[in-house]
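Here numbering that gives the first Met the number 0 is used: the first residue of the sequence shown is 0, the next is one more, and so on.
Report on the structure given below.
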Amino acid sequence: MTKIATAGKETILRTLFPGDIFAAPALLGNGIAPATVTAETDVQVLTTEREFLLAAIRQNPEIALRILAVFNQRLQQLHDTVHGLVSERAIVRLARFIHYFSLEQGTKVINNSVCLEKRLPYYQIARSIGITYEECVRLFKKLKPFVSYRRGGKITVLDWHKLEAMASGDEID
0 MTKIATAGKE
10 TILRTLFPGD
20 IFAAPALLGN
30 GIAPATVTAE
40 TDVQVLTTER
50 EFLLAAIRQN
60 PEIALRILAV
70 FNQRLQQLHD
80 TVHGLVSERA
90 IVRLARFIHY
100 FSLEQGTKVI
110 NNSVCLEKRL
120 PYYQIARSIG
130 ITYEECVRLF
140 KKLKPFVSYR
150 RGGKITVLDW
160 HKLEAMASGD
170 EID
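Given below as structure tokens:
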């Protein structure tokens with residue numbers, strides 16, 4: 000899910016996963032989608048009309064509670080992101096991003112190392128955590144003792160405990 004600033008810079012707001020709701024603010028608000036969603040693979044998208052959704056909510060209020068839970072989660076993520084941009088070092092945001100994707104997208108163990116299932120190119124990571132491409136490359140070099148990055152976005156966690164420590168803001172020797 001991306002948004003382009005008036006200056007032309009694209010920012011990746013979040014990565015959606017199977018079953019995620021998107022564009023609900025457009026459906027429940029002014030009809031304008033707040034961002035652009037681009038699929039990386041073939042997907043099926045279920046759409047609905049506002050009147051149909053409101054009628055379904057009247058029949059089953061649980062639907063509204065589920066939508067509110069999604070909005071609450073995203074609001075918390077937004078709060079965490081803004082807080083991170085203002086108060087956390089970029090390397091902590093990078094470690095947290097890698098940790099998040101390893102949990103969300105899964106990993107596989109190869110030669111006693113944890114490899115992320117999803118490939119994450121530098122540009123995608125940089126746009127997701129509010130840094131430049133060049134800074135992303137530089138930060139991965141600092142993570143080298145416990146995270147390996149190979150061409151094409153293949154990330155291997157060599158020391159899971161150090162990655163978790165870095166993601167929680169601890170200083171690493």
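Even glycine gets a Cβ: it sits at the ideal position worked out from N, Cα and C.
Problem - the stretch 26–43 / the stretch 143–160 touching (three or more Cβ pairs under 8 Å) - result: no
Exercise for the section: List the residues that DSSP assigns as beta-bridge partners of V136. Expected result: BP columns for V136 are empty, so no partner.
Handout entry: Same chain only: Cβ atoms within 7 Å of I62, ignoring 5 sequence neighbours per side
Key = A55 and I56
Practice task
Pick helix, strand or coil for K161, following the three-state DSSP scheme.
Solution key: Correct three-state label for K161: helix.
Problem - Residue interval of the beta strand (DSSP E) (run including S167) - result: S167 -> no beta strand (DSSP E), and no H or E assigned at all.
Exercise for the section: Take every Cβ of the stretch 66–84, pair it with every Cβ of the stretch 139–149, and state whether three or more of those distances are shorter than 8 Å. Expected result: no
Exercise for the section: With a threshold of 16 other CB atoms inside 10 Å of the CB of V156, please say whether the residue is buried or exposed. Expected result: Taking all protein chains shown into account, V156 has 16 or more neighbouring C-beta atoms within 10 Å of its C-beta and is therefore buried.
Problem - Per DSSP, the bridge partner or partners of K141 - result: None, per the DSSP bridge assignment.
Handout entry: Cβ-based burial, L84 [other Cβ within 10 Å; buried from 16]
Key = The residue in question, L84, is exposed, as its Cβ has fewer than 16 Cβ neighbours within 10 Å.
Problem - Start and end residues, beta strand (DSSP E) containing E9 - result: E9 to I11
Problem - Counterpart residues of L115 in DSSP-defined beta bridges - result: T106
Handout entry: Residue closest to P24, alpha-carbon to alpha-carbon, out of L93, E103, L74 and F145
Key = Here the closest residue by C-alpha is L74.
Problem - Coarse secondary structure for I56, derived from DSSP in three states - result: Three-state result, I56: helix.
Practice task
Please report the residue range of the beta strand (DSSP E) in which V146 lies.
Solution key: V146 to R149
Problem - For D19 and Q43, the rounded distance between their alpha carbons - result: Cα to Cα, the separation comes out at about 12 Å.
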